[in-house]
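These notes concern the structure reproduced below.
In the numbering used here, the protein residues as written are 412 to 1344.
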């Protein structure tokens, strides 16, 4: 038997950095030193994971690094436990641990942190069960001294840019109040004093942190208005007052302009009629005031209002404000009590653009829909830009132009989302059509001069001001088409990384390399020197500034790298023509967060063995310090390892799979194996299997208990998705058996949703599996074609033809294809024991598909057990059900793959009248509160 822990693809290792490791491994193989036994760990001091142990694992959320790079913060979360905030010094051993707490934010200067203080889990759970409000406090901590300030009953807080000030906003206590204003506390962090401001509705610092504005919404509208505070001088001013509502407070990008809507709802009308109030030159002593009252100025269509149901945005020069407009409507009179009630019927008409179910799901969005218009402040006029036919418009940053999208005539249940595109003049509203019936666009340049789109396998440029089109990539010697896109229809490009600072180029992704494409249409140049294509490494740009609008090629660029076949990951630095490897490892890296004013990065690193804890680096990434340690208890358990293997489908297409192997595996053992599949999984070679209660096998749990866990890739053709799954999954299983790991008589399969349907299909066509557990599966593709995605209200036409289904046709044009790919068409020959999961309120795959599956198998006396969970959706949301399923799945595979005794629910079922007694007798008491720390 070969040494299957090592798989070398020498053709991929062209870099000199790989040569020495390869020579060493080959030497070890030749000498017989490197065998599977080198990986076998002494497990005598470790134990297998139990389902009860899953509760011990914590996850990390909300990670951030301070602007000065001195502090990192994050939150630990664990099932049915208090969240814990950690704020850790990156320069010393100082650390603040706060619990129960969530939502930590760091001040820009690194002096302060704020977070919510929650009630202990048990108390908050009881309040929720009793229908009571669960209140939160906010706490502010001085990170150097540890001193804290606390405020009760808080809904939000915010630091100013520059960290001079901080505000917290209180909750509205009276839910039936006719006003939304609440108390707000504004604290001067530098001087240490604070003030209470009453009846505040909206509040916001400007971006540079020098001004603070808020609107007041008080009882009886007393004192309603727009106010601001100059944070540098302490001066304050009333900008506008009226007994009306003030909403949509919006600062301009430079912090020198502020706008708000002021309005009220006329009697017997449904919509608030608003006036636009705006101030510019806010940094001076006398801000310039602009008022656009539609009743006094031209432009607004008759019967329209400026609506608060859309936000405001400023043009770059502060000359325009873009608003949402809407039709005013009369309030409906109450239906008279006498006589018959009003009928209730939904009229499904064959000629509707959207089916009724979709209209119902989108009713609130449709009811609140607004249409963008430009208000020109100097000449006090409004220009309508969007309307019912052209609902969506992207505005250039300078506000001069818009690119509008008109879907009229293209809306369909199943066809691609085509649209006509127009250039819109924001000064006049005039439109010029630029594209007809088009599918894919790539967006506007930061300077608003270029609008890119994808056509016939090339990137095209529409020069906005000149109204001219140009094929940018026709002379570039690389295909930017995403050849890995395996669905029916037009293939998309790999996408763009961004635009250059000089406005002369756009950075495009090939499959592997990064290219600079000049906007004059000359040939692109490969920035990564062809290293990506040569070594099959995918390079992708990492923006170190989240607010970056363009890329400066004169500065070093950070690139994330991924090995197509090795699954290695890392970071490279591109400096001009020099591409330097920073780190390149058998690990998985998150995209890093860079400290705004320091050369420090915060990111996660993970592998099968290593939880994705937080790490910090000064930018070289191979030299790094561990910041968090979320799950030290993992060292107590048998964990296993995961390897990569190669195989092919019947056409010889190269594929890869991953195989997780127990720690104590000995060469020659044949272990039971569970296969979990979907589309592509090999890219997850280095993803850590964090134990959790879910609706699928817990990978670490099964491997810890002596199973192999295999995840294969599937190569899809068009029109044969389920048979493609069958072919590739069986090929991968055969390969693992050939490598000597798996017991061919003890192979199980698991899939859900799309692969749940594939699992059902495999169950009816394959003799390879001893047991199959799957869920939420499309079983009869003919009937499923006309059923609904209840969540969106859409039917399955587009999904089956152009989407994940990949069938490229419909059951009326090719009934045989749909029937052949349906699991239901093969039930007569199925003999594999099946455990099927489906939530009874599944919004994605109709529960009736599961019912059809069960009834067909039952009629033919096939071995099926259906776990039907009431009040659950496409997966399992309730913790008690997730735990229940984990136990049943473990018992199912334990019996069929390991020969363990079958529990009574598997052998005899559970009668409905005995359901509660059965659930009480089997309910695991995992979360006894006395055991929770």
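Beta carbons: idealized from backbone N, C-alpha and C, even for Gly.
Just list the residues that DSSP pairs residue i with in beta bridges.
| i | result |
| --- | --- |
| residue 953 | 969 |
| residue 1088 | In the DSSP output, where bridge partners are listed per residue, residue 1088 has none listed. |
| residue 561 | 550 |
| residue 1055 | 1069 |
| residue 753 | According to DSSP, which records beta bridges pairwise, residue 753 is partnered with nothing at all. |
What does a CB cutoff of less than 6 Å around residue i pick up in its chain, not counting 5 residues either side in sequence?
| i | result |
| --- | --- |
| residue 1243 | 1174, 1180, 1183 |
| residue 1333 | none |
| residue 696 | none |
| residue 444 | Only weak support exists for where residue 444 lies, its pLDDT of 36 falling under 50; the value from the coordinates is given anyway. Excluding residues within five positions, none has a Cβ falling inside 6 Å. |
| residue 986 | 967 |
| residue 1316 | none |
| residue 407 | In the structure displayed, the chain extends from 412 to 1344; residue 407 sits before or after that span and is not available. |
| residue 357 | Here the chain covers residues 412 to 1344 and nothing more, so residue 357 does not appear. |
| residue 1215 | 1165 |
| residue 442 | With a pLDDT of 35 at residue 442, under the threshold of 50, the modelled position of this residue cannot be trusted, and the question is left open. |
| residue 718 | 735, 737, 781 |
| residue 1330 | none |
Looking at C-alpha atoms only, which residue of the options is the closest neighbour of residue i?
| i | options | result |
| --- | --- | --- |
| residue 938 | 915, 953, 964, 930 | 964 |
| residue 614 | 604, 627, 607, 501 | 627 |
| residue 1036 | 1238, 498, 502 | 502 |
| residue 805 | 755, 875, 890, 737 | 875 |
| residue 612 | 606, 864, 567 | 567 |
| residue 982 | 1034, 1239, 1024, 961 | 1034 |
| residue 1119 | 1198, 1054, 1177, 1128 | 1054 |
| residue 957 | 932, 1006, 948, 996 | 1006 |
| residue 1084 | 1156, 1044, 1093 | 1156 |
| residue 1135 | 1088, 509, 1117, 1320 | 1088 |
| residue 895 | 904, 504, 1211 | 904 |
| residue 559 | 1205, 530, 508 | 508 |
| residue 741 | 733, 630, 679, 1101 | 679 |
| residue 880 | 959, 639, 860, 734 | 860 |
| residue 504 | 1225, 554, 457 | 554 |
| residue 1194 | 1256, 1158, 1248 | 1256 |
Suppose the cutoff is 7 Å on Cβ atoms and the five residues either side in sequence are ignored; what does the same chain contact list for residue i look like?
| i | result |
| --- | --- |
| residue 988 | 940 |
| residue 1060 | 1066, 1126, 1138, 1139, 1142 |
| residue 1259 | none |
| residue 830 | 816, 817, 818, 821, 849 |
| residue 452 | Here the model assigns residue 452 a pLDDT of 42, short of 50, so the residue's position is not dependable, and the following value carries that caveat. Excluding positions up to five away in sequence, the list reads 1074. |
| residue 1325 | none |
| residue 438 | Note that residue 438 scores 37 on pLDDT, short of 50, meaning its location in the model is unreliable; the coordinates nonetheless yield the value given after this. Excluding positions up to five away in sequence, the list is empty. |
| residue 900 | 827, 1213 |
| residue 1297 | 462, 1104, 1109 |
Taking the CB atoms as reference points, tell me whether residue i and residue j lie closer together than 9 Å.
| i | j | result |
| --- | --- | --- |
| residue 570 | residue 512 | no |
| residue 1028 | residue 1048 | no |
| residue 498 | residue 478 | no |
| residue 852 | residue 810 | no |
| residue 1024 | residue 1038 | yes |
| residue 705 | residue 793 | yes |
| residue 482 | residue 521 | yes |
| residue 660 | residue 642 | no |
| residue 1098 | residue 1017 | yes |
Keeping to the same chain, check which residues put their C-beta closer than 8 Å to that of residue i; ignore five residues upstream and five downstream.
| i | result |
| --- | --- |
| residue 944 | 921, 922, 923, 924 |
| residue 758 | 767 |
| residue 664 | 618, 725, 727 |
| residue 918 | 907, 908, 909, 910, 911, 925, 926, 927, 928, 938, 952, 962 |
| residue 1336 | none |
| residue 1010 | 480, 1029, 1030 |
| residue 1328 | none |
| residue 1294 | 462, 1104, 1335, 1337 |
ask   = Would you call the region 618-633 and the region 573-581 in contact, with 3 or more CB pairs under 8 Å?
value = yes
ask   = Contact between the region 1142-1156 and the region 1062-1080: three or more CB pairs below 8 Å?
value = yes
Inter-stretch contact (C-beta, 8 Å, three-pair minimum) for the region 1230-1240 and the region 1250-1269 = yes
ask   = Is it a yes or a no for the region 665-678 touching the region 596-608, going by three-plus beta-carbon pairs under 8 Å?
value = no
inquiry  = Under 8 Å, with one C-beta from each stretch per pair, do the region 857-872 and the region 1188-1205 reach the 3-pair mark?
reply    = no
ask   = Counting pairs of Cβ atoms below 8 Å between the region 465-476 and the region 486-496, do you hit three or more?
value = The region 465-476 vs the region 486-496: in contact.
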